[in-house]
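Residue numbers (our numbering): 2 to 216.
Here a beta-carbon is modelled for each residue, glycine too, at the ideal position from N, C-alpha and C.
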């Protein structure tokens with residue numbers, strides 16, 4: 002069983018609140034063919050929490066943010082389910098592999114596997130759930146699967162780039178405020194990681210702008 006100290010509970014609560022806020026403030030479609038799917042950056046905060054405390058924290062934060070999202074925006078239990086599956090397959094997977102290999106390489110490998118796991122799992126779950134949720138023929142959902150795959154690859158790719166870019170600054174702030182100990186987050190971000198994160202972010206942004214017909 003995961004042992005949560007008062008300091009950990011406080012930090013997880015702060016990160017969950019941050020995830021909820023960015024979810025409410027930043028929320029937009031990125032692939033016109035599946036405009037009902039919206040990008041939001043909450044998974045970035047959730048995976049950072051998992052990098053600090055382990056994959057179980059990703060699950061806790063995912064549950065909190067998914068429930069809070071439908072309280073603010075409305076929705077059904079299916080919305081909570083799909084949000085949690087999407088977030089957990091990305092964030093829990095990334096945090097699990099990072100916990101096993103607590104290095105820069107481990108972070109990149111974990112995030113990369115998270116992208117693949119989330120993209121594949123959401124193909125399956127959209128195939129199962131969308132005909133029920135949207136009351137549409139399954140054949141129509143099948144025709145949207147390439148766009149759904151593209152959406153999740155772009156979403157997770159963006160989250161990967163921003164996570165690599167923001168992880169160290171957020172951890173440094175938490176460490177300076179004594180909310181986490183150094184041993185709870187030893188991973189540092191070097192110049193090559195920053196360059197990689199910037200390249201990923203710029204590439205994904207250009208792709209999204211291209212799909213939107215802006216560039």
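Taking 7 Å as the cut-off, decide whether the C-beta atoms of residue i and residue j are in contact.
i, j, result
"residue 226", "residue 91", "Limits of the chain in this structure are 2 at one end and 216 at the other, which puts residue 226 out of reach."
"residue 75", "residue 62", "no"
"residue 32", "residue 125", "no"
"residue 20", "residue 47", "yes"
"residue 96", "residue 132", "no"
"residue 162", "residue 198", "yes"
"residue 94", "residue 114", "yes"
"residue 208", "residue 216", "no"
Going by beta carbon distance, what residues of the same chain come within less than 7 Å of residue i, once the five residues before and after it are set aside?
i, result
"residue 145", "34, 35"
"residue 87", "119, 123"
"residue 164", "45, 48, 49, 112"
"residue 130", "79, 83"
"residue 58", "13, 50, 51"
Would DSSP call residue i helix, strand or coil?
i, result
"residue 138", "coil"
"residue 24", "helix"
"residue 214", "coil"
"residue 178", "coil"
"residue 76", "coil"
"residue 2", "With a pLDDT of 44 at residue 2, under the threshold of 50, the modelled position of that residue is not reliable, and the figure given next carries that caveat. Three-state result, residue 2: coil."
"residue 11", "helix"
"residue 102", "coil"
"residue 55", "coil"
Taking the DSSP output, what are the residues bridged to residue i?
i, result
"residue 132", "Bridge partners of residue 132: none, in fact."
"residue 30", "39"
Taking residue i as the reference, give the member of the options with the closest Cα.
i, options, result
"residue 195", "170, 6, 13", "170"
"residue 156", "215, 29, 102, 132", "29"
"residue 17", "37, 38, 39, 60", "60"
"residue 65", "77, 81, 193, 56", "81"
"residue 83", "96, 24, 127, 100", "127"
"residue 202", "14, 23, 42, 15", "42"
"residue 212", "13, 23, 67, 148", "148"
"residue 205", "160, 174, 179, 166", "160"
"residue 9", "103, 108, 179", "179"
"residue 25", "71, 174, 108, 210", "71"
"residue 40", "102, 108, 154", "154"
"residue 116", "181, 89, 15", "89"
"residue 85", "172, 67, 143", "67"
"residue 134", "6, 77, 181", "77"
"residue 217", "143, 73, 192", "There is no way to answer for residue 217, as the model of the chain reaches only from 2 to 216."
"residue 11", "105, 175, 101, 139", "175"
"residue 192", "101, 6, 105, 100", "105"
Spatial neighbours of residue i within its chain, please: C-beta separation below 6 Å, excluding the five flanking residues on both sides.
i, result
"residue 69", "21"
"residue 38", "152"
"residue 217", "Residue 217 lies beyond the stretch modelled for the chain, which goes from 2 to 216, so this question has no answer here."
For residue i, collect the residues of the same chain with a Cβ closer than 8 Å to its Cβ; drop the 5 residues on either side in sequence, then sort them by chain order.
i, result
"residue 136", "none"
"residue 15", "180"
"residue 200", "162"
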